[in-house]
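Trainee:
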Amino acid sequence: MGRRLPSHTPLPAALQLLIARRRRTSCYFYPRAWPSVRSTDWWERVVLKEFGPQDWLEKFRMSKETFFYVCNQLRPGLAPHSAHFHPTLPLEKRVAVALWHLATNVEYQTLSPLFGVGPSTVQTCVREVSYAIVLLLKPLYLRLPNEKELENMARIFCTRWGFPHCIGALDSLHIPIHPPLRLSADYCNGQGWHSILTQATVDGLGQFWDVSTAFPGSMENSAVLESSSLWVLAKEGRLCPNPPKHFMGKAQKYVLLGDATYPLQDWILKPYQEDENLTQRQLQFNYRLKRAHSVIENAFLRLKARWQILLKCDDCSLELLPTLVLACCILHNICEAHDNPGAGGPRAHRAAQALPACTRCHGGWPGRASA
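Residue numbers for the sequence shown, in UniProt numbering: 1 to 371.
See below:
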């Protein structure tokens, strides 16, 4: 049985040396206010000083002048921002980060080093700027037209598309998503993939004036319509002047144009069901309706080409997505109004070229383009 050493017995020399060395090499790391130093040279030198007109259109989907116009409009709603003890980001840079993400759908991790900010800051910029766009710019660029504007819109559809007494084309857009696990079946659309539905109405220039979104992809267009704000507006008589304008000898409500998936209403027209028994007049009606309805199909093409976040929403939550959709529709209207119809790449340019010429003025809307 071993003998216990007295408490005053000195430790072996080798053990004392090991303890001393451990004490000398021990160090403590204190957190820094800035987790890393990131370069902002690309934004401050390349973008602001060296980008040409085409660079702005390709990267931000709008001209430099339009970009700074948007920044000034958003200034009241974007308070000074300071994330993770970083110096406050300039408002213009925050808007640029958000627009770049909406335009390219680049992941936060990829976009982060480009602007010299952290991924969480990119996420914050996208969220805050999108909310500000909806809050401050929706009343200007995505709203119910007044009576005079409805009259101008009807004239546009008549002169540009050959369809009288019409104030809009109605359709829906599926936006791919990652669905909640428990609601996967609700968001699975008829084509077998998951989406949310956005119902939109455009004028004769392809600018949105009513948008309802966040409907599960499994819903039918008719059910979406009856659950939308547009349905409420129509039932309240707010899509038509009081009393209604005279057309073909009697007072008639203005109409919207839908495809075959929408219910026939006294304010929604749809094509006759195709069959061999259609008369020549019915065939002609279908041709004119489908031609006029193509304005919203082209608008959706330009919308998705400009703002590719709508092609597949990987980085955003389902709660944020409706705000992003509305923000993209508002930005679409701003780009169209500020003479950037082809911004957003070849697909958007081809869609813009599909619009026929028109000599009438749209009028009435702040900043809107003329026909």
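Note that CB positions come from ideal geometry on N, CA and C, so glycine has one too.
Is the separation between the beta-carbon of residue 389 and that of methionine 153 shorter than 8 Å?
Mentor: Because the chain is modelled from 1 through 371, residue 389 falls outside the range shown and cannot be assessed.
Trainee: From residue 372 to lysine 235, what distance separates their C-alpha atoms?
Mentor: Limits of the chain in this structure are 1 at one end and 371 at the other, which puts residue 372 out of reach.
Trainee: How would you write the range of the alpha helix (DSSP H) that tryptophan 100 sits in, first residue to last?
Mentor: 91 to 104
Trainee: Along the chain, where does the beta strand (DSSP E) containing cysteine 166 start, and where does it finish?
Mentor: 166 to 176
Trainee: Spatial neighbours of tryptophan 42 within its chain, please: CB distance less than 8 Å, with the 5 preceding and 5 following residues excluded, ordered by chain position.
Mentor: Leu114, Phe115, Gly116
Trainee: Apply the 10 Å Cβ neighbour rule to phenylalanine 68 and answer buried if 16 or more other Cβ atoms are within range, or exposed otherwise.
Mentor: exposed
Trainee: Identify every residue that forms a DSSP beta bridge with valine 255.
Mentor: Cys166
Trainee: Relative to the C-alpha of valine 325, which candidate in Cys71, Trp56, Thr110, Arg127 has its C-alpha closest?
Mentor: Arg127
Trainee: Need the endpoints of the alpha helix (DSSP H) that alanine 327 sits in, please.
Mentor: Counting along the chain, the alpha helix (DSSP H) containing alanine 327 begins and ends at 321 to 337.
Trainee: Of all the options Ile330, Glu44, Gln207, which has the alpha carbon lying nearest to the alpha carbon of tyrosine 131?
Mentor: If we check each option's Cα against that of tyrosine 131, Ile330 comes out closest.
Trainee: Starting from glutamine 199, follow the beta strand (DSSP E) in both directions and report where the run begins and ends.
Mentor: Where glutamine 199 is concerned, the enclosing beta strand (DSSP E) stretches over 195 to 202.
Trainee: Quick one: what does DSSP say proline 263 is sitting in, helix, strand or coil?
Mentor: coil
Trainee: Per DSSP, what kind of secondary structure is aspartate 186 in: helix, strand or coil?
Mentor: coil
Trainee: Counting only the same chain and skipping the five closest in sequence on each side, list residues whose C-beta sits under 7 Å from that of glutamate 44.
Mentor: Excluding five sequence positions before and after glutamate 44, none of the CB atoms of its chain fall closer than 7 Å to its own CB.
Trainee: Quick check on proline 271: does DSSP put it in helix, strand or coil?
Mentor: Coil, per DSSP.
Trainee: Rounded to whole angstroms, what is the Cα-Cα separation between valine 97 and aspartate 210?
Mentor: 27 Å
Trainee: Roughly how many whole angstroms lie between the Cα atoms of phenylalanine 215 and leucine 310?
Mentor: 15 Å
Trainee: Once DSSP output is grouped into helix, strand and coil, what is the label at proline 31?
Mentor: Here the model assigns proline 31 a pLDDT of 46, short of 50, so the residue's position is not dependable, and the following value carries that caveat. If DSSP states are grouped into helix, strand and coil, proline 31 belongs with coil.
Trainee: What are the boundary residues of the alpha helix (DSSP H) that includes glycine 66?
Mentor: Note that residue 66 is threonine in the sequence shown, not glycine. Element bounds for threonine 66: 64 to 74.
Trainee: Quick check: the Cα distance between glutamate 107 and histidine 101, rounded to an integer number of angstroms?
Mentor: 8 Å
Trainee: Among the candidates Ile196, Thr66, Pro90, Ile167, whose CA atom is the shortest distance from the CA of leucine 318?
Mentor: Ile196
Trainee: Quick check on serine 212: does DSSP put it in helix, strand or coil?
Mentor: Serine 212 falls in the strand class under three-state DSSP.
Trainee: Roughly how many angstroms separate the alpha carbons of threonine 213 and proline 322, rounded to a whole number?
Mentor: 6 Å
Trainee: Quick test of your reading: residue 372 and asparagine 333, contact by CB under 8 Å. State the CB separation rounded to the nearest angstrom.
Mentor: The requested residue 372 does not occur in the structure, where the chain is confined to residues 1 to 371.
Trainee: Determine, using beta carbons only, whether leucine 264 and histidine 293 come nearer to each other than 8 Å.
Mentor: no
Trainee: What is the DSSP secondary structure of lysine 312, counted as helix, strand or coil?
Mentor: coil
Trainee: Expressed to the nearest angstrom, what Euclidean distance is found between the alpha-carbon atoms of arginine 302 and aspartate 203?
Mentor: 14 Å
Trainee: According to DSSP, phenylalanine 247 sits in a beta bridge with which residue or residues?
Mentor: Lys250
Trainee: At least one CB of chain C closer than 8 Å to the CB of cysteine 313: is that the case?
Mentor: The structure shown contains no chain C, having only a single protein chain.
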